[in-house]
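Written below as structure tokens is the structure these notes are about.
Numbering (my numbering), first residue to last: 200 to 429.
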């Protein structure tokens, strides 16, 4: 049954180009624009699901090495239960979304959720703000960082992944600012983990591509369009 459906889809794909060419240029461009924006939404959903076009999951990120306790003192305002209190730690470590260490204010080991840290303040007796906790929600400018464990959160935004169409073609592509990074991961190339850092071989994670469901959805849009009364 599936093979027969695939054969029928191939035959219809061969006719799709002729059907599109039979449309007036303005009508064709409008239809292509709707189709390609639907395709872009599909690509974003698949990237969010972290899968290749064939449905296989992407290779997982390598687990990070366990972090050693940090001796730099930190002090911050912590929100919990609608109240804000001061927490100060001399020895601490990050554990995913948590910060664990000896809280001087509480007199014992405490665990804090990083997303509840309102802001960092100078340690008691200190005259200089030590800055944001490494890996916290706040950067050195006091701006809230984007958080999430999924890969390529920024690549799939409208700023980096675009779609468009003219009378002769339609496309979904990464902008020039994102193309190099996207290519490294899409093809599984070798690149530096950071500027001036070591080079590593990245596993292949196909970011863009047609799935069977994509093809069927686009062809269905074409059929619905030509079936409309003129």
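Where a beta carbon is used, it is the ideal one built from N, C-alpha and C, also for glycine.
| Item | Value |
| --- | --- |
| Beta-carbon spacing of residue 225, residue 219 below 7 Å | no |
| Three CB pairs or more closer than 8 Å across the stretch 272 to 287 and the stretch 254 to 263 | no |
| First through last residue of the alpha helix (DSSP H) which encompasses residue 375 | 375 to 386 |
| Buried or exposed (CB count within 10 angstroms, at least 16 for buried), residue 388 | exposed |
| Contact check, residue 317 vs residue 235, beta carbons under 7 Å | no |
| Residues that DSSP places opposite residue 287 in a beta bridge | 274 |
| Separation of residue 237 from residue 336, as counted between CA atoms | With a pLDDT of 43 at residue 336, under the threshold of 50, the predicted position of this residue should be treated as unreliable, and no value is reported. |
| DSSP state of residue 224 mapped onto helix, strand, coil | helix |
| Test item: CB-CB of residue 353 and residue 246 under 7 Å | no |
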